[in-house]
Each structure stands twice: as C-alpha cells, then as structure tokens.
Amino acid sequence: MKYVNLGRSGLKVSRLCLGCMSYGEPERLPQPWSLDEKASRPLIRQALEAGINFF
Numbered sequence: 438m439k440y441v442n443l444g445r446s447g448l449k450v451s452r453l454c455l456g457c458m459s460y461g462e463p464e465r466l467p468q469p470w471s472l473d474e475k476a477s478r479p480l481i482r483q484a485l486e487a488g489i490n491f492f
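This is how it looks when you write it as structure tokens:
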C-alpha cells in the first residue's frame with residue numbers, strides 16, 4: 438500500500454480510501470445498497486488487512 442502525508446499533520450494515510458457512508462443501520466438509510474454492521478465488518482477488515490487506513 439502506498440501512503441501520503443495528510444496535509445501538515447504528520448499523519449500518513451493510504452492513497453486508497455474506503456467510503457463507508459452506506460455502512461451502519463439500514464433503518465436510518467433505507468436504500469437498497471446500504472449494509473448492516475454484520476455485512477460491512479468483513480469489508481472493513483479486508484481493507485485494514487490490505488493497509489487501508491483512510492475511511
């Protein structure tokens with residue numbers, strides 16, 4: 438995974454970002470693409486294992 442500086446904060450973040458807007462509680466976001474916690478956890482785990490730290 439490649440990382441870049443996050444401004445001048447001193448933090449390094451992955452160049453890839455995993456957008457998580459549709460993860461959480463489908464009742465709050467009643468869209469067909471929203472995922473509950475059980476379905477989204479494996480995706481987040483895989484992203485972390487791949488080195489993604491920008492969500």
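For the sequence shown, position 1 matches number 438 in my numbering, and the numbering has no gaps at all.
Beta carbons: idealized from backbone N, C-alpha and C, even for Gly.
| Query | Result |
| --- | --- |
| Bounding residues of the beta strand (DSSP E) (the contiguous stretch that carries S451) | K449 to S451 |
| Candidates L455, G456 and L472: closest to P463 by CA position | L472 |
| Residue range of the unbroken alpha helix (DSSP H) whose run includes A484 | E474 to E486 |
| K439 versus A487: straight-line alpha-carbon distance, rounded | 11 Å |
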